Structure formats: C-alpha cells, structure tokens
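Structure first, then comments.
Protein chains in written order, with my numbering: chain C, 15 to 329; chain H, 223 to 845.
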C-alpha cells in the first residue's frame, strides 16, 4: 500500500512539473524570428516593373473611350487645361499606320460630369477661342464618351474639345516630329491687348517596339516585349485586348517599366484575359513627357508622347 | 546527466545514450536581430530501453527565412505600391535518432533530420471577372531533405570519451527545384566530426571538437557541488570559415530538473542583410548558427522522468574476510566479516547504507554503519553481522551471504551474493581470546549447576571466613567438576573445536581448552573473576589453563598459603591488589595438585623463561 501511494505521489509530481514546462514554453515562445532581407547585388536581366490595372470594370464601355488602336487612354486630369499631343504608329502583322493627334481640353471646374450610372468623371469642357498647335488652329469638336455595359451603353457629351489629327498623309496640317518642339498658343480674347499663352513642349525620342511569343523554362508561353532604349527613366506599356469585329480596344493594364529596352510580360497577366472575349492583344509602347505649368493663371497639364502599338493574335 | 541532450543531433548522434530512462527537454531562445524575438527552439524526448535509446526532437525554432524584394510591383491608381517578393524558407521540422550501447565503453547511433526548403516566387496575376484586378500569386517549389548522421562513442575511462560522427554522406531528397531556386538550396557539405570529452580534474570538463568543414569548438567547464544541487559554469569558443564567437553557459541541477541559461555572442560581423551574390554562392548549411544569425540567449530545461532509479553506487568486489564462528556472537559486531570496495557512479557525494543477510544466520537484514563516498571515488565498506545466541549447528556448512548497497533510492542500488563458510557452533579458531564466547554461551547452565553443587557445602561455606569465599568455592567446584574427568584431545585437530561446559560435563572429559572453558564458566557464573593463560609457540596457542581471582589482598595471602610463589598479585579495575592463583585444569586429581601444577607451569614459562615479557605467555581476561 505504501508503495502504491509513493507511486501515485511521484506521478502527480511528474505531471505538475510537465504542466509547468508547457506553460513556460507557451508564454515564452510566442514569437517567430523575422526574415533576413536579401539585397540583390547580382547583375540580372529582370526589368524593374510596376503593373497597374486600368480597366477595373472591363465590361464598362467607359474603358473604351480614348483608347483605340492608337494606344491612348486619357483619364481626365484635374486641371484647368489639358494638352494632349501624341504621335502614334499602329502595327498589325506587316502593316503599319501612323496617326498623329493633338487635343486640348478646357475644363469647367464648376461643372462636374456625372455619368448615367452615377459615377463622377471629371468636368465638362467649355468653349474657348481655339488654340493653335505649331501655328495651326485647332478645330472645335464635341467630346463624347460612352459608358455603361451591354445594351445600357449611353453617350455623354462632355463639351467641346479642340483637336488636330492626321492619319498618314491625310487630315489636318499637324506636323509632329520626334525629338522636336511643339508650340502651343492660346488667346483668351480676340483683342490683342492680352498677350497669348505660349509655350513649347518637346516630343520624346521615337519608341519602336517588338512583341515576341516565346516559352519559359516551364514550357509556358510568355511574351517578350522589346523596344529601342531611350533617354527616359521609364516607359509605359499598355496591354489591351480587342475583338476583330470591334474597332475600339479595352485597355487592361499599364506597365511602368525601366527604359532599358526589354521586359517579359508575367504569363498570368495574359492568361487572365479571356480568350473567348478577346482574340487580339494590343501592346502599346509609350514614351512620354508629362508636365504641369501655370500660365496666366491657367494650370496646364501637358502630355506629349509617341507610341507604337502592336496588335497580335491572342497567343 | 547529459544536460544538453536536446542538441545531441547536431554534434553527437550517440550522446542521448547517456540518458538513463526518460528525459524531456525544451529549449527556448531569444535572438537579438533588428527586432528581438523569442520562441521555442526545440522540444526533445528520449527514452532508454535496455541498451537502446530512442530520441525525438521537434524543432520549430530551427528555422531561417530570407526575403528578396523583386523588381516587380503592383501599383494602384491611389499610388499604392505592393512589391513582389521571393521568400526562401528553411525549416528543420524534427529529428529522430537511435543509439545502442554495445558495451559499457562503446556505443553507436544515428540520427535522421528532416528539413523542408520552400522557395516562393511571388508573381503578378490577374483575375478577370466582374472586375479586373491584380493579385499576387506564389509559385512555390519545395524540396524535402532527409539528412542522416551516424557516429560512435568510446569511453576510455570515466573521464575520457572520444566521439566520432559523420554527416551528409547520406542524404535523401524529395522534390525538384528550378535552376533559379537550386542556387538557394541548403548546403550539405560532407563532414566528419571528432570530439574529445575529458575531465582532467575533479568537476572540471574540457571538450574539444573538430570538423572537416574547418570548424572547431573548445569548451571548458566547472561543476560546483552543493548540498542539494549542483551548478555548472562553462564557456565554448566556436569558429568556422564564416563566423566565430563564444557561448557562455550557466546550469543548475536540482533533483531531476536541470536548467541552463546560455548566450551566443558572435565576434564575427553579423550580417543583418544578406547579399544575394553571397547567398547563391556559399549558401547556408546551419539554420541556427550562420553568418546571418544574431546574438542569442537560450534557456534549456531538462527533466529526468526516471521511472527506474539511477544506480548511484556499485560493488567493485566483496571479500569475505572471515568464516562465521557462530559462537563468537559479539565478535562480528566489532570486526567485519566482509569488506567491499564500492564505487560512486554519480557526480555528487553519496551516503551508502550497507546491509547484509547471511542465510541460516540472520533472519533479517543487518545494517552496517553508513559510509559517505565522494563522486567517482571508491571506498572500502566493512560489513558486520550479529549471530543469534539461539543459533546452534553441530556441523560446518557452506551458506551464502547477500550484500546490499542502499542510497537515497527506495531499492538497493546494487547487490551481490557470496558464498560463506558457517562453522559449527563448537568451532574455534585457535585464539584463546575467543574462548570467552564459549564461557558465556552456557552461563545459565553453569550458574544453576554451580549453585547446586555448592549448596551441598552450604554449612562449610557459611562458617568459613568470608574473605576465603572465592577460594573455597573455586576449590569445591574444581573438585566437583574437574576431578575425575578424562583428558581427551580433539579428534581431528587440537585447535578447531571447543566443548561447551554442559558438553564437557556430559562427556566427562575434554582437552585443556575444554576443561579451562568449563571451569571458567562455572567460576564466572558465581562471580569469581578468571583469566586464561595462553602458552604460545610460533605465534600459535599450545596450551591454556586458568588464573582466578581469590579476591584476597596480599596481606591475606597467608590464609591460603605461606608460599608466596604460589600466588600472583594483580590489580583489579579499582586499582586494588588482589591475589590470583593459577590452576592447571588438565591436572584432574584434585584442586591442590592442579594449583601446584599451575604454579609450576606458570612460574616456569611466564617468569623463568620470560614468557610474559616475550609474549609467549599471555594472560587474557574473560571480561
């Protein structure tokens, strides 16, 4: 009997000690050591890359506005005047078309645009004396955007914009050259007593892109985008898709890439674009210069760019 | 106890063979990186089954993670910026091992360690549904690794042990890695490790370890022993091709629990960030201790769950010094019948309680005095016994004696059985000093018989001078008992058998020791002080007779004789001089002749031949 009591006492003592152990471990050992940061000091060909979604709702026609095969996508900036100058080349298979466009928007800050679906979309434009681009007077054109999905697509007139465009050798007398200055002139009134708003902006170097379908080490199809290196810190590449039957393309992603001439598109981005909805992919290489200035109390937001859009069949 | 058994898998696959029964250990640590964190490093358990040991360790803290920010990021229209990363995770989930003790000196074993390496590359993905949004997707590759180490230990002496082990000669991998991730794979260089564990001085340990991957460790430690606990202080210096430092440690052991606190202090530069070029070229081979580790503090707790007791002491040998003479009842209380050499196996002082039980002699354990033995020391422990006065055996027999060593443990730490000769009750070893035991053995009989014999002379004794009482009683008893007896020598050898008084009376004869014992027993039983006179040649007893105390003072000597050569004066315990007269018991005609003869022999040998001075004549008091 005495031995059984001794054993029971010993076991009870053992369990008490074990419980004490476990509590100590539990309260003491909550943390986990953090990771050690690795500094990339190896030369590598991985291009620094930021990816941004443009078409948050791809079915909305809103994302087909201002983005067509020229590779332009114009979100309305918050400014008094928006000057947009773009020299574009569109390539599909062996065919290339050049397309130049200059647009000027004078926003009425007192008149915001509310789309039919209730979204706020910038401001209405106001009528002014048409400005000049490279001494050529722009033409007044109504700026209409489409929004909504499916059968609910509606048109919204935002107001007049002032533009020049030229396709190939046809169109306005708009002469844009790479690495050259473009002059902007605007008079507030007809009287010559008020000096005009004048400034120049420089067109960046021409960007010439190339798209190659290849394979990675896992046998997956990947897209290699290449272009001529320039002097800019970065270029933009816009990836969109379109159907053969449609003129307008939907812009999906914008890639901010270091201007070193090469980038591999992450395969998952392309895979996400449904093949049953889009049979063409559009890659627009954009080399631009963006600036803001205030001239005679007008705040100008200026984008001058040249693009090269390449349309390929869905790989 | 191996207090660091939880890290045995790193240095010595056979080290957990030092675990005695169950052992549980836990290691907790704090690492002082850019942000101090604490976590459980490892939890281990080991169990001994006979000569085998099993060991298991779960090691959540054996973990290393690197993160490399890629050149890709997801940005939002709200200028948010989410960079993509590459995550490299290395984890040793657990290890298990087995060791076997082939002999007391040699043990061998192996451990299996399980690692999982997980390399995740974050890539941007997109989801096209009602809305289009970007997501981070991980492409993860996993490589599982079973790493085997095997080794052997050899114990040259209790203070010198050699250990050899080899690792990474056998690795089993499961999984595949792309070329990119192969560069991050855990390095597993083949390695042979040799270690020497020594104890050059008491409680001082010096350990040396060398590895063929150009790593080494030197460790020095000292143990301090206190009453109820012990404490160790040690310091290890370690160095390999990429880092070096020290690991000081303080541990305390109290009973079954051992706790230690140690720190790791790196002398080499601590890399708070890793270079990708370096990581891909040299990599890491140790998850806890590498050039990206930071200084640490660790707390180890070990608990011995011994369901069986740990042997603290052990017999080296037992020597039965003497056979048992059952009649010498009190002799073995003062003089051990056996002596054992006992070793203290533990590292603390142990108080040993020896006990023994001689079959047929003892009905229960006889405990001998406790002996304290220092750690690792050997001591001689005497075993005493007691023979019951009721014991009687007419013949010699071989029996066995069980010897036990008991310490703080409930059961005996060790036991040994030895054969032992139990002589017959009449056996005598020839030492006259031991004849007293035969005198005392039959006291009851002698007293009753003496009184009965003396009662016949009551009138004579009552009318006699009181001073002559001893003399007269001695004379009467001699005449009644010894007179008429036969002188009979022992049948086989003269010195190995003595009759008890009642036996001498029964057989009516005996040799000089029989008759002397018989007469002495009767005299002592009625208060007459006696002594044996031992006549020796070549240090062996040749003859014995009696001296008895008449209790007469020298002035009263004339009451018994006018011849001063017939008596001898001796002082009693009070310092009083009393007259003693010798009696030759083999002179069985009458008291007077026995007295004459006794005087003749005693005077000649003790005085004329200077026997008392030379030691050839010895007077041995019975009490």
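Backbone N, C-alpha and C fix where the C-beta goes; we use that ideal spot for every residue, glycine too.
Please read these numbers as outputs of a predicted model, since none were measured by experiment.
Any idea which residues DSSP pairs residue 370/H with across the strands? 334/H, 392/H
First and last residue of the uninterrupted beta strand (DSSP E) at residue 163/C:
Here residue 163/C belongs to no beta strand (DSSP E), and DSSP marks it neither H nor E.
Notebook entry, point to check: Are at least three pairs of beta-carbons, each pair with one atom in the segment 265 to 282 of chain C and one in the segment 308 to 328 of chain C, less than 8 Å apart?
Noted result: no
key: Test: residue 245/C CB closer than 7 Å to a CB of chain H   = no
- Message: With the cut-off set at 7 Å, would you say residue 517/H and residue 254/H are in Cβ contact?
- Response: yes
* Asked: Leaving out the 5 sequence neighbours to the left and right, which residues in its chain are closer than 7 Å to residue 140/C when beta-carbon positions are compared?
  -> 120, 122, 173
**Study point:** Three-state secondary structure assigned by DSSP to residue 485/H
**Key:** strand
Practice prompt. Classify residue 762/H as buried or exposed, calling it buried when 16 or more other Cβ atoms lie within 10 Å of its own Cβ.
Written response: exposed
Check: According to DSSP, is residue 724/H helix, strand or coil?
Finding: helix
- request: Please list the segments of the beta strand (DSSP E) lying wholly inside the segment 555 to 629 of chain H, counting only runs of 3 or more residues, in order along the chain.
  value: 560 to 566, 572 to 580, 593 to 595, 600 to 605, 619 to 628
**Request:** On the DSSP bridge assignment, give the partners of residue 774/H in chain order.
**Result:** Residue 774/H is not bridged to any residue.
field: Any C-beta of chain D under 7 Å from that of residue 409/H
entry: No chain D appears in this structure, whose protein chains are C and H.
(request) May I have a chain-ordered list of the alpha helix (DSSP H) segments no shorter than 4 residues that lie completely inside the segment 765 to 844 of chain H? (result) 813 to 824, 833 to 836
Helix, strand or coil for residue 410/H, going by three-state DSSP, please let me know. coil
Exercise. Spell out the partners DSSP gives residue 177/C in its beta bridges.
Key: 117/C, 153/C
Identify whether residue 748/H lies in helix, strand or coil by the three-state DSSP scheme. coil
### Any chain C beta carbon closer than 7 Å to residue 487/H
no
query: Given residue 771/H, which residues of its chain have a CB within under 6 Å of its CB, disregarding the five upstream and five downstream residues?
result: 751, 800, 802
Using the C-alpha atoms, what's the distance from residue 544/H back to residue 624/H? 15 Å
*Give a yes or no on whether 7 Å exceeds the smallest Cβ distance from residue 230/C to chain H.*
no
### Query
Ends of the alpha helix (DSSP H) at residue 698/H?
691 to 699
Residue 156/C versus residue 175/C - alpha carbon distance: 6 Å
> So which of 710/H, 777/H, 673/H, 668/H has the shortest CA-CA distance to residue 744/H?
Replying inline: 668/H
Checklist entry - Can you name the start and end residues of the alpha helix (DSSP H) that residue 666/H belongs to? => result 665 to 677
Tell me, please, whether the CB atom of residue 4/C is closer than 7 Å to any CB atom in chain H? Look at the range of chain C in this structure, 15 to 329, and you will see that residue 4/C is not part of it.
Report buried or exposed for residue 592/H, applying the criterion of at least 16 other Cβ atoms within 10 angstroms of its Cβ. exposed
(request) Could you work out which residues of chain C lie near residue 349/H, taking near to mean beta carbons separated by less than 9 Å? (result) 286
Please confirm if the segment 638 to 655 of chain H is in contact with the segment 615 to 624 of chain H, defined as three or more CB-CB distances below 8 Å between the two stretches.
yes
Where does residue 293/H fall in DSSP's three states? strand
Let's test the definition: count the other Cβ atoms within 10 Å of the Cβ of residue 82/C and tell me whether it reaches 16, buried, or not, exposed. Interpretation of residue 82/C is limited by its pLDDT of 43, a score under 50 that renders its predicted location unreliable; the figure taken from the coordinates is listed afterwards. With 16 or more other Cβ atoms within 10 Å, it is buried.
message: With a threshold of 7 Å between beta-carbons, can residue 252/C be considered close to chain H, or not?
response: no
Residues near residue 309/C by beta carbon distance below 7 Å, same chain, minus five either side
211, 213
Evaluate the contact criterion for the segment 544 to 560 of chain H versus the segment 605 to 614 of chain H: three or more CB pairs, one atom per stretch, below 8 Å. yes
- Message: Against residue 289/H, what residues of chain C qualify as contacts under a CB-to-CB distance less than 7 Å, listed in chain order?
- Response: 49, 51, 52
> residue 267/H to residue 275/H, Cα distance in whole Å?
Replying inline: 11 Å
**OP:** Could you tell me which chain C residues have their CB closer than 9 Å to the CB of residue 298/H, listed as they occur along the chain?
**Re:** 66, 67
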